[in-house]
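Everything on this sheet refers to the single structure shown next.
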Amino acid sequence: MLTLVSSKPDISSEIINKHIADYAPALAVSALGTMNGDVTYTSLKTTCTEHLHEWWKLSVSSGTPENGYESTYWHLLHLLESLEEHQLLGNSFIQFKVSGCAQFLLGVGSMPIKMQGIRP
């Protein structure tokens, strides 16, 4: 039986926040590890795909994130999904953007400015 997202009851913000809290640090570590040579690019792409699959299982409507942490997570995930390996590993500006987001998600940096993410 097919169920539309719009026909499901609203998912509580507690469930959404737990999902983001569980997945954001792993994405950050994977991104930094890839740029450092400790994690393969293929593994990073697999992590991104797994994160999106787990999110879609929650059947949350797309839209505006609840806070800056969630927004940064989505920004980083969308950025990593859009990059080719040579762009991530060979462009220092992109590495700066990815590092800034990842460090914030790990609690060791400030929130990046002018980086708005949206829920898929």
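Here the sequence shown is numbered in the numbering used here, starting from 873 and rising by one per residue.
Beta carbons are placed, not taken as given, at the ideal position from N, Cα and C, and that holds for glycine.
All of these numbers come straight from a predicted model, not from anything done at the bench.
Exercise. When the Cα of C973 is compared with those of Q959, L952, E956, G962, which residue comes out closest?
Worked result: If you number the sequence shown from 1, residue 973 lands on position 101. Looking at the Cα atoms, L952 is the closest of the given residues.
Problem set entry | First through last residue of the alpha helix (DSSP H) which encompasses P897 | The count along the sequence shown starts at 1 and reaches residue 897 at position 25. Run containing P897: 885 to 908, per the alpha helix (DSSP H) assignment.
For this session: With a 10 Å radius around its C-beta and 16 neighbouring C-beta atoms as the bar for buried, classify V970 as buried or exposed.
Result: The sequence position of residue 970 within the sequence shown is 98, counting from 1. Buried: at least 16 other Cβ atoms inside 10 Å.
Problem set entry | When H923, I887, Y941 are compared against S982, the one with the closest alpha-carbon | Position 110 of the sequence shown holds residue 982. Closest option to S982, Cα to Cα, is Y941.
For this session: Would you kindly work out how many angstroms separate the C-alpha atoms of S879 and V932, rounded to a whole number?
Result: Sequence index remark: in the sequence shown, residue 879 carries index 7 (1-based). Sequence index remark: in the sequence shown, residue 932 carries index 60 (1-based). Here S879 scores only 45 on pLDDT, less than 50, and its place in the model should not be relied on; the value that follows carries that caveat. Going from the Cα of S879 to the Cα of V932 covers about 11 Å.
Problem set entry | CA-to-CA distance, S884 to L948, given in whole angstroms | Here residue 948 corresponds to residue number 76 of the sequence shown, with the count starting at 1. Here residue 884 corresponds to residue number 12 of the sequence shown, with the count starting at 1. For L948 and S884, the distance between alpha carbons rounds to 23 Å.
For this session: Pick helix, strand or coil for G935, following the three-state DSSP scheme.
Result: Sequence index remark: in the sequence shown, residue 935 carries index 63 (1-based). Strand.
Exercise. With C-beta atoms as the reference, is F976 less than 7 Å away from T944?
Worked result: As a working note, residue 976 is residue 104 in the sequence shown. As a working note, residue 944 is residue 72 in the sequence shown. Yes, they are a contact pair.
Exercise. Between which two residues does the alpha helix (DSSP H) harbouring I966 extend?
Worked result: As a position in the sequence shown, residue 966 is number 94, starting the count at 1. From DSSP, the alpha helix (DSSP H) with I966 extends over 964 to 977.
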